[in-house]
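First up is the structure itself, then whatever we jot down about it.
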Amino acid sequence: MKLGIGIGWRPEIAAEVEALTGVDWVEVVAENLCADHLPDSLVRLRERGVTVVPHGVSLGLGGADRPDAERLAGLAARAELLGTPLVTEHIAFVRAGGPLTASPRLEAGHLLPVPRTWDALEVLCENVAIAQDALPVPLALENIAAMVSWPDEELTEGQFLAELVERTGVRLLIDVANLHTNHVNLGQDPAKALDELPVEAIAYVHVAGGVEKNGVWHDTHAHPVTAPVLDVLAELRSRVDPPGVLLERDDAFPPGAELAAELETIRGTLRAAGGPSGTERRNTGPRRGTPAPARPGARDRTAVAQTALLSALVAGTPAPEGFDHRRLHVQSRALAAKRADVVAKVAPELPEILGDGYRAAFLDYARTRPMSDGYRRDALDFVERILVHGGLPDPVAQRRLTHWWEDRSGPRPPSRTTSIVRAARAALAGK
Numbered sequence: 165m166k167l168g169i170g171i172g173w174r175p176e177i178a179a180e181v182e183a184l185t186g187v188d189w190v191e192v193v194a195e196n197l198c199a200d201h202l203p204d205s206l207v208r209l210r211e212r213g214v215t216v217v218p219h220g221v222s223l224g225l226g227g228a229d230r231p232d233a234e235r236l237a238g239l240a241a242r243a244e245l246l247g248t249p250l251v252t253e254h255i256a257f258v259r260a261g262g263p264l265t266a267s268p269r270l271e272a273g274h275l276l277p278v279p280r281t282w283d284a285l286e287v288l289c290e291n292v293a294i295a296q297d298a299l300p301v302p303l304a305l306e307n308i309a310a311m312v313s314w315p316d317e318e319l320t321e322g323q324f325l326a327e328l329v330e331r332t333g334v335r336l337l338i339d340v341a342n343l344h345t346n347h348v349n350l351g352q353d354p355a356k357a358l359d360e361l362p363v364e365a366i367a368y369v370h371v372a373g374g375v376e377k378n379g380v381w382h383d384t385h386a387h388p389v390t391a392p393v394l395d396v397l398a399e400l401r402s403r404v405d406p407p408g409v410l411l412e413r414d415d416a417f418p419p420g421a422e423l424a425a426e427l428e429t430i431r432g433t434l435r436a437a438g439g440p441s442g443t444e445r446r447n448t449g450p451r452r453g454t455p456a457p458a459r460p461g462a463r464d465r466t467a468v469a470q471t472a473l474l475s476a477l478v479a480g481t482p483a484p485e486g487f488d489h490r491r492l493h494v495q496s497r498a499l500a501a502k503r504a505d506v507v508a509k510v511a512p513e514l515p516e517i518l519g520d521g522y523r524a525a526f527l528d529y530a531r532t533r534p535m536s537d538g539y540r541r542d543a544l545d546f547v548e549r550i551l552v553h554g555g556l557p558d559p560v561a562q563r564r565l566t567h568w569w570e571d572r573s574g575p576r577p578p579s580r581t582t583s584i585v586r587a588a589r590a591a592l593a594g595k
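When we follow the numbering used here, the leftmost residue of the sequence shown carries the number 165, and every step to the right adds one.
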């Protein structure tokens, strides 16, 4: 299916997206939609004939566990609601631990790279087949950006993607900004990856901005698209005419005129690159593959490896052997900073109550408290820690924080609730 030129729809720029001319389709983060109701802006876009593609971020198909049935059902419901021709997700893991490792469940709050090993490939293929069977439309998977690389990998990125497509028939969502990120951070050649992967399986392409700090490229989606990223887009276009190309922006949203200018730059890059039409090679769609089950022990080995890495990143445990310790530290700080930013968005009252001390307090909390059940639970746990461990020196802020927690906490285990309520009451009584 030919999608054309698109842009990521976000609530913050809904009006700007509606006003843009020449936008053929939009992509929306699936988890930000209700399963039975669309925002008015998306309703209007669909009425105009604009295709809307849901883009999932939480399945964790590269993780050791089989896909969660409830998450799959939610993604399927959103696909039905939108009448979309396909859905997309990521080649990543986002959680680890649990029954396979007899350790606590850990959440990354971020997309982390899958080791390019035969074990991990077999697990991923089996998970993809499960997802394909549960979804009402074809699935495409995105390559991700990484700050760290796994030691002793057995396949290149291009080889890994080629094997994935061959075994499952899944389509690919190629993010050229992520290819550039991995070039800067991991020394991987984007041209080589494009040479090795099956470009005829590409469903569409992502283009996004980022920034380099101290030799590390941060895929921020909050900066303008840079020339090196456009160069990778041109490399891809010289090999195939992608069905769709989409501009992503997730933060620091510019005026509509700047978004329009970036879209025109993308169009110009595609025109200038030229290249093959791609129509004679492109698949008509994915086959519902039935890859062989993962070899005995593959899930267990993948689970142990991923849990060790995630624990080092979010719980301060020793770094697994073979990893770059400096890069792990950079990634760990980035994960904590992202948690602070997202919690500030889902609970905007907390930065308001805590003022300039919010960020330092949250990062101190995050050093010893891994996220285990999403960002809203993370916000509650953060406030509980403050209330249990002395509260705030400002009596007004203490009172507001206590009331905030009481309004949102819900049932908790008695011992935990008792300690929090006692701390809160004592703080209030003394003010």
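Even for Gly, the Cβ is constructed at its ideal location relative to N, Cα and C.
Since we're looking at a predicted model, the values are computed, not measured.
Annotation: the segment 168-211 contains the following complete segments of the beta strand (DSSP E) (minimum length 3 residues), in chain order: 168-172 and 189-193. When C289, E317 and K356 are compared, the shortest CA-CA separation from E330 is found for C289. Between the alpha carbons of L394 and P440 lies a distance of about 18 angstroms.
The beta carbon of S267 is closer than 7 angstroms to those of G261 and T471 in its chain, skipping five residues each way along the sequence.
Annotation for W568: no beta strand (DSSP E) segment contains it, though the alpha helix (DSSP H) segment containing it runs P559 to R572. Straight across, the Cα-Cα distance linking V292 with Q495 is about 27 angstroms.
Between the alpha carbons of L239 and H219 lies a gap of roughly 9 angstroms. Of R242, N342, V214 and C198, the smallest CA-CA separation from V181 is found for V214.
In the DSSP assignment, R230 falls outside any alpha helix (DSSP H), carrying neither H nor E.
Straight-line measurement puts the Cα of Y522 at about 13 angstroms from the Cα of A500. Rounded to the nearest whole angstrom, the CA to CA distance from P263 to G486 is 25 angstroms.
Just measuring C-alpha positions, the residue of V190, H344 and L358 sitting nearest L325 is L358. Here the alpha carbons of Y529 and R549 stand approximately 8 angstroms from one another. Within its own chain, the residues whose Cβ lies closer than 6 angstroms to the Cβ of R269, once the five positions on either side in sequence are excluded, are G261, G262 and S536, listed in chain order. Under the three-state reduction of DSSP, K166 is assigned to coil, being neither helix nor strand.
The C-beta of H344 has 16 or more other C-beta atoms within 10 Å across all chains shown, which makes the residue buried.
Distance check between V510 and each of R541, L397 and P534 places R541 closest, using alpha-carbon atoms only. With distances taken between CA atoms, P455 lies nearest to E327 out of E327, A199, V560 and G172. Residues of the same chain with a CB within less than 7 angstroms of the CB of V375, apart from the 5 flanking positions on each side, are H382, T384 and H387 in chain order.
Straight through space, the alpha carbons of E271 and H567 are spaced by roughly 27 angstroms. At least 8 angstroms separates the beta-carbon of G172 from that of D188. The secondary-structure analysis by DSSP pairs P218 across a beta bridge with V192. Closest option to V301, judged by alpha-carbon separation, among I255, A237, T265 and L319: A237. H274 sits in a strand when the DSSP states are folded into three classes. D229 and G373 have their C-alpha atoms some 32 angstroms from each other.
Here DSSP, grouped into helix, strand and coil, assigns H385 to coil.
In the displayed model, F546 falls within a helix according to three-state DSSP.
Sequence-distant partners of L518 (beyond 5 residues in either direction) whose C-beta falls short of 8 angstroms from its own C-beta, in its chain, are A525, L556, A561 and L565. With 16 or more other CB atoms across the displayed protein chains lying within 10 angstroms of its CB, D405 is buried. Across the structure, W282 and Y368 are spaced so that their CA atoms are roughly 26 angstroms apart.
Linking V478 to D232 through their CA atoms gives a straight-line distance of about 22 angstroms. Across the structure, C198 and A355 are spaced so that their CA atoms are roughly 39 angstroms apart. Rounded to the nearest angstrom, the Cβ distance from V340 to L400 is 6 angstroms, consistent with a contact under 8 angstroms. Here E376 carries a strand assignment [DSSP, helix/strand/coil]. Per DSSP, the unbroken alpha helix (DSSP H) holding R435 starts and ends at G420 to A437.
Taking a contact as a CB-CB distance under 8 angstroms, the pair E191 and V217 counts as one, their CB atoms being some 5 angstroms apart.
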